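A short write-up of the structure that comes next.
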Amino acid sequence: MTASGARSTPVSPIGDSRQQNMWPGRPYPLGATYDGIGTNFAIFSEVAERVELCLFDRHTETRIVMEEVDGNVWHAYLPSVRSGQRYGYRIHGPWRPEDGLLCNPNKLLLDPYAKAVDGNVRWDEAVFPYRFGEPFGPANRRNSARFVPKAVVVNPFFDWENDRAPRIPLHDTVIYEAHVKGLTMRHPQIPPELRGTYAGLAHPAIVDYLVDLGITSLELLPVHKFIHHQHLVEKGLRSYWGYDSIAYFAPQDEYARDGDPEGIAAEFKAMVKTLHRAGIEVILDVVYNHTAEGNHLGPMLSMRGIDNRAYYRTVADDPRYYMDYTGTGNSLNMSHPHVLQLIMDSLRYWVTEMHVDGFRFDLAATLARELHDVDKLSTFFDLIQQDPVVSQVKLIAEPWDIGEGGYQVGNFPPLWSEWNGRYRDEVRDYWRGDDQKLAELAARFTGSSDLYEATGRRPFASVNFITAHDGYTLRDLVSYEQKHNAANGEGNQDGTDDNRSWNSGVEGPIDDPAINELRSRRARSIMATLLLSQGIPMILGGDEIGRTQGGNNNAYCQDNDISWFDWEHVDEGMLDFTRRLVAFRRSHPVFRRRRWFQGRRIHGAGVEDIGWFTSDGDEMTPEQWDTGYVKTLGIYLNGDAIENPDERGRRIVDDTFYLLFNSHFEAVDFRLPPPAWSPSWTIVLDSAGPAATGDPETPRAANSIVTAPAWSLIVLRAGE
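Residues 508 to 1227 in this note's numbering are what the sequence shown lists, from first letter to last.
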């Protein structure tokens, strides 16, 4: 008996019936590939001296020595192995931690190419390569098999029924960032057995809601197989967000309807097919910068035991340690061809086999580090650029990591869009009421040409966002003076700094109706700014219904009511306002241009394509952009002659609009522009509501006064 309680039977090369049915197989594709008759197994390791394929039945582990190796890929074909087979690997080779060599055949290792994974880590000393207290001592010889997840052979066949990708143009895209479980777990119309699953996400209650909201692209927090770290489990918490990936081909099994990993790929595919039928794209948040194995004190689950120095960036002069550009303990070795192959194979798999429509790359600056510095022309980006599959889907970078020189907003190649951190920061600053923010607001609202235009990129290079999973929800952003992260078990020391400056001018209890209305108005103004800005807007799922996390701005470990959507207490006013905003954006191409504003008179028109005004109705002078205390701005958008032809080259004509921004804590009177810009204007959107600004149907003449309440954004349409 092994330490796991299962029978361990090393199989000799000759005389065993299982061995006689093993064929040489192929070194590609890597992973376990089921063809309807048998399964080909292939795994890369250039450090291995022997590789054992371990097959698991209910009570038995059978070890099979893989004899064929080509180009450091060990491979075998087993005609008897069918879909559903659990398996893993044991790697024999050198154990020299001081040299970064960590082969330990006592540790069962997960296939990096596993298409499905069964189970989670059960935290025990056996899952670590060393004995506690001796991280660089003798190898830990305890068998880890019963404490670690197993890879599962998957049947790849699925009836897609002529599924077609929606292929939403970038300038028409509206992203909705959400969590599979959080979005569905408390929805009253979803049957209990489907809540928190891919099948639940495909339920009509969710699909119809997303269609009605008007979003085009659902961006899911990580769904690659991830683990729950020991320090969280010991506190009764979980790795809710999922940024602890351990298998880049396998959907998270905890989100499967019946918990059966054999059917999880099919359930995921059915979800994608359903969303595609509704015209909604699926974008995955992917974490290729690090794995859940952590630093030198972390567990041995997969790549660390397969080939540590190939898969991970180790410290050059002391390879027992890892380079950590992510704050998670390790970084993948982007200079190694097999690591690059792993990532590219994973990306192609999710596009070709799972039919996803794009990727958001977590801490993407790490992927550009070949030696130390971030290189935007690194091999990884070259591979993406020339790949005929991956280059054709949406590619979104989180353009920073925590390493030196890691903040790279605006520096990614032309094929990429980026999470625009400067948009988030500077639009937040403006709506806080900070001084000297008009120029920054103008730059971000018009697509951040200062970041992207010089490199030939378009406004849709900017993914605009105010809130995301990492931080406050929109409602909490405008409601709490300080973070409330006590539930995370870190003494409220985790997360970002306090939020005090947001509440200047709205002091009062959180349940005071008047104060709440002012906070709600500012939330509506922020949402309006987001959805009317040039670029790609990203809504944090739940912001449109007033979702709160009780002030927790780092809910990464809260797999509970703190993070799950509260569908019983929807802010119907905010939801209706957001729906109208999304529809308004869709109806008016002047808010989603494909090309930059030029700031000049166009097509012989009498006025510019864009204009900037003071609250007095005068055009802004260069000096006025830097006036510290001024927090009001009028923006004229000329829709009469958009330099924005559609895909067929047809000139697009839209209405002309005038936007009033007021981030003062009191109302401001705006004088509308002179008749040359338009003889009259009509209010079409108002974050303060008709009760604050009067009848929206009443035309306002040129040079007349419109009062913008505190913290409001008003949109007017030009008349005849």
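By construction, the Cβ of each residue, glycine as well, lies at the ideal position given by its N, Cα and C atoms. Please read these numbers as outputs of a predicted model, since none were measured by experiment.
Euclidean distance between Cα positions of residue i and residue j
i: Ile1046; j: Arg1031; result: 12 Å
i: Arg1087; j: Asp1193; result: 11 Å
i: Leu1220; j: Ala1035; result: 7 Å
i: Ala763; j: Thr1121; result: 55 Å
i: Pro715; j: Pro1129; result: Correcting the residue identity first, residue 715 is Asp in this sequence and not Pro. Cα to Cα, the separation comes out at about 48 Å.
i: Ser519; j: Glu574; result: For Ser519, the predicted structure reports a pLDDT of 35, less than 50, and the residue's modelled location is therefore unreliable. A value from the coordinates is still provided. Whole-angstrom Cα-Cα distance: 11 Å.
i: Ala777; j: Phe1091; result: 31 Å
i: Ala1217; j: Gly978; result: 25 Å
i: Leu854; j: Thr821; result: 25 Å
i: Ser587; j: Arg593; result: 13 Å
i: Asp751; j: Thr1055; result: 25 Å
i: Gly545; j: Pro536; result: 14 Å
i: Asn650; j: Ala968; result: 49 Å
i: Met841; j: Gly917; result: 21 Å
i: Leu1140; j: Gly998; result: 42 Å
i: Glu1079; j: Tyr755; result: 39 Å
i: Pro711; j: Leu839; result: 39 Å
i: Gln892; j: Ala993; result: 44 Å
i: Val985; j: Ser956; result: 28 Å
i: Val1077; j: Ile713; result: 15 Å
Beta-carbon spacing of residue i, residue j below 8 Å
i: Arg570; j: Glu556; result: no
i: Val793; j: His735; result: no
i: Leu945; j: Trp907; result: no
i: Pro663; j: Glu960; result: no
i: Thr1200; j: Ile1190; result: yes
i: Asn971; j: Leu1037; result: yes
i: Ile753; j: Phe733; result: yes
i: Val554; j: Pro601; result: yes
i: Asp618; j: Gly538; result: yes
i: Leu616; j: Tyr637; result: no
i: Tyr829; j: His803; result: yes
i: Ile790; j: Lys614; result: no
i: Ala772; j: Ala623; result: yes
i: Thr1085; j: Leu720; result: yes
i: Ala633; j: Gly1048; result: no
Nearest neighbour of residue i, chosen from the options [CA to CA]
i: Arg816; options: Leu808, Met807, Arg827 and Pro806; result: Arg827
i: Ala904; options: Val896, Thr873 and Val934; result: Thr873
i: Ser724; options: Ser587, Glu568, Val1089 and Glu1173; result: Val1089
i: Tyr1063; options: Leu728, Asp889 and Asn840; result: Leu728
i: Leu717; options: Gly600, Arg784 and Ala623; result: Arg784
i: Asp1083; options: Gly1196, Gly1135, Gly538 and Phe1172; result: Gly1196
i: Lys742; options: Val660, Asn995 and Ser955; result: Asn995
i: Trp1188; options: Leu1223, Leu562, Thr1200 and Pro1182; result: Leu1223
i: Met1081; options: Glu1173, Glu774, Phe643 and Arg982; result: Arg982
i: Ile965; options: Gln1105, Leu804, Asp719 and Phe887; result: Before going further, note that residue 965 is Arg rather than Ile in the sequence given. Cα-wise, what sits closest to Arg965 is Gln1105.
i: Ile909; options: His843, Asp894, Gly836 and Phe887; result: Gly836
i: Arg589; options: Asn613, Glu769, Arg1007 and Asp760; result: Glu769
i: Leu1179; options: His1171, Trp1119 and Asp1162; result: Trp1119
i: Gln899; options: Arg674, Glu947, Thr886 and Lys1138; result: Arg674
i: Pro895; options: Gly721, Val858, Ser924 and Thr1163; result: Val858
Three-state class that DSSP yields for residue i in the structure shown
i: Thr540; result: strand
i: Trp923; result: coil
i: Ala706; result: helix
i: Tyr1165; result: strand
i: Ala549; result: strand
i: His738; result: helix
i: Val595; result: The identity of residue 595 in the sequence shown is Gly, whereas the question assumes Val. Reduced to three states, the DSSP call for Gly595 is strand.
i: Val1213; result: strand
i: Arg1224; result: strand
i: Phe1072; result: coil
i: Thr1189; result: strand
Exposure label - residue i; buried when at least 16 CB within 10 Å
i: Ala799; result: buried
i: Val846; result: buried
i: Phe548; result: buried
i: Phe643; result: exposed
i: Asp814; result: buried
i: Ala823; result: exposed
i: Pro1182; result: exposed
i: Asn669; result: exposed
i: Thr691; result: buried
i: Ala1021; result: exposed
C-beta neighbour in chain C for residue i, strict 8 Å
i: Thr1003; result: Of the protein chains in this structure there is only one, and it is not chain C.
Any non-hydrogen atom of the ligand ZN closer than 7 Å to residue i Cβ
i: Thr1205; result: For the structure depicted, the ligand ZN is absent and the ligand set is empty, with no information on it obtainable.
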